[in-house]
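Chemist: Just so you know, we're using full-length UniProt numbering here: the sequence shown kicks off at 1 and counts up by one. By construction, the Cβ of each residue, glycine as well, lies at the ideal position given by its N, Cα and C atoms. Structure provided below as C-alpha cells; questions to follow.
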Amino acid sequence: MTIEMGRPGADGLGDVVRVLREWQYDGAPVQLHPGDVGWFWRFGGERTAEATRTWSRAGEVLAVGLLDGAELLRLAFAPEALRDEDLARQVVEDVSAPERGVLLEGTVYVEAPMGALVQDLLFKDGWESGEPWTPLRRDLGEPVPDPGVRVEVIGPEQAHEWAAVVRASFDGSTFTDERWHAMAAGAPYVDARCLVVRNGQGEAVAAVAVWSAGEGKPGLIEPMGVHRAHRGHGYGRAITVAAARALQELGSSSVIVCTPSSNVGAVATYQSAGLEQLPERRDLNRNAS
1 MTIEMGRPGA DGLGDVVRVL REWQYDGAPV QLHPGDVGWF WRFGGERTAE ATRTWSRAGE
61 VLAVGLLDGA ELLRLAFAPE ALRDEDLARQ VVEDVSAPER GVLLEGTVYV EAPMGALVQD
121 LLFKDGWESG EPWTPLRRDL GEPVPDPGVR VEVIGPEQAH EWAAVVRASF DGSTFTDERW
181 HAMAAGAPYV DARCLVVRNG QGEAVAAVAV WSAGEGKPGL IEPMGVHRAH RGHGYGRAIT
241 VAAARALQEL GSSSVIVCTP SSNVGAVATY QSAGLEQLPE RRDLNRNAS
C-alpha cells in the first residue's frame, strides 16, 4: 500500500497529538513530542495545522512532521515504523523536493530520531550532519527534592508575568500574553503546566513550561528560561527541579529536554538539577536551491 502525505487541518490536530502521545516511551530515541506541538501552538491552531504534516498507510498515521519555521522539519515515527523502508523513502522524497511544499528552496534542516532509516537515506541523498544537540533525561521513579524556592503555577491572570520572563530570557523573543493564551487553548495544554520561580521580593525570575504525554510516559521541558537580570543565583536549577516535580505529579515517568550542545551553561544547569546527558544528536541539512 502506498504512503500518503497529508495535512491534518485544525480539526485533525487532536488526533495528531494523540498519536504523538502514544509514540512516547522510556528508552525510545528522542523525537518530536506532543509538547513541541503545544509550544508551537502559541501561534494559534490554524498556523499549527498549516505547519503539520502526516504520513499514513491505509489510514494509519506512521510519521508526523512539524515545520518549526520555514527551514526546519521536526519528525516523529511510530515505534514499529522507525525502519520502514517505504515510509522512509516517501518522507525523503517529500522533504527533498521543494515543489512538495514541505521544505522550500535554500538551506533546509530535518530533525529525525536517531536510528530512523530516514536519516540513512537522507545521508545517501547528499544531506549533511549539522549542529549537535544534547538531550538530557531524569527518571521520575524516585522522589524529586523540593527546589528550595517559591514556585507558582501560572494561570490566565498571571500570563503577562510568564510572558515577560520568557521575553527577558531569550534574545529576540517576541512572546506575548496573547501567545500564552493561544498556547493554553491548544489540545496539548490539557497535560501541561507553566511555572515561575519568585525571588524574595516576589518578582518572577524564571519560567518553564512542562508537557506530559500521559501517565507513565516521558514529559518534556519546553521552554525554560531565567530572566537575564537575575542569573547566577541558581534559579535555573531550581525551576528545572520544580519542572521535574510538576511532571511527576502529572504522572510522567521521566523528564526530557534537548538543548544546543554549544549552550554549555544550559547543559550544566540541567545536569545540576539531576538530568543525565544522553548521546548527542544532530540535525541534517542540505542546500536545496
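Would you kindly work out how many angstroms separate the C-alpha atoms of S262 and E131, rounded to a whole number?
Modeler: Residue mapping note: residue 262 aligns to position 262 of the sequence shown, counting from 1. Residue mapping note: residue 131 aligns to position 131 of the sequence shown, counting from 1. Between S262 and E131, the C-alpha separation is close to 9 Å.
Chemist: Taking Cβ positions, are P218 and Q24 nearer each other than 8 Å?
Modeler: For the purposes of this step, residue 218 is taken as residue 218 along the sequence shown, with counting starting at 1. For the purposes of this step, residue 24 is taken as residue 24 along the sequence shown, with counting starting at 1. Yes.
Chemist: Considering only residues of the same chain and omitting the five flanking positions on each side of D177, which have a CB-CB separation below 8 Å?
Modeler: Sequence index remark: in the sequence shown, residue 177 carries index 177 (1-based). Same-chain partners within the cutoff: A159, H160 and A163.
Chemist: Checking the sheet assignment: what are the DSSP bridge partners for D139?
Modeler: As a first step, residue 139 must be located in the sequence shown, where it is residue number 139. DSSP lists S254 as partners of D139.
Chemist: Decide yes or no for the touch test of the segment 126 to 144 against the segment 185 to 196: beta carbon pairs closer than 8 Å, at least 3 of them.
Modeler: They do not touch, by the three-pair rule.
Chemist: Would you check if the distance between the CB atom of A168 and the CB atom of H233 is smaller than 8 Å?
Modeler: Taking the first residue of the sequence shown as position 1, residue 168 is located at position 168. Taking the first residue of the sequence shown as position 1, residue 233 is located at position 233. Against a cut-off of 8 Å, the Cβ pair of H233 and A168 comes out as no contact.
Chemist: With G225 and V144 assumed to form a contact (beta carbons below 8 Å), what rounded beta-carbon distance in angstroms separates them?
Modeler: Taking the first residue of the sequence shown as position 1, residue 225 is located at position 225. Taking the first residue of the sequence shown as position 1, residue 144 is located at position 144. Going by Cβ atoms, the distance from G225 to V144 rounds to 20 Å, so no, they are not a contact pair.
Chemist: Can you confirm whether the segment 29 to 42 touches the segment 206 to 220 when touching is taken to mean that 3 or more C-beta pairs between the two stretches lie within less than 8 Å?
Modeler: As far as the Cβ criterion goes, the segment 206 to 220 touches the segment 29 to 42, which means the pair count is three or higher.
Chemist: From this set, F175, A206 and H181, which residue's C-alpha is nearest V151's C-alpha?
Modeler: The residue given as residue 151 occupies position 151 in the sequence shown. Out of F175, A206 and H181, A206 has the C-alpha closest to the C-alpha of V151.
Chemist: Which whole runs of the beta strand (DSSP E) in the segment 140 to 204 are 3 residues long or more, in chain order?
Modeler: With a minimum length of 3 residues, the continuous beta strand (DSSP E) runs that stay inside the segment 140 to 204 are 150 to 153 and 192 to 198.
Chemist: Assuming V110 and L73 make a contact with CB atoms under 8 Å, what is their CB distance in whole Å?
Modeler: For this step, residue 110 is matched to residue 110 along the sequence shown. For this step, residue 73 is matched to residue 73 along the sequence shown. 5 Å between Cβ atoms; contact.
Chemist: Where does the unbroken beta strand (DSSP E) through W127 begin, and where does it stop?
Modeler: Walking along the sequence shown from the start, residue 127 turns up at place 127. Unbroken run through W127: none, as it is neither H nor E.
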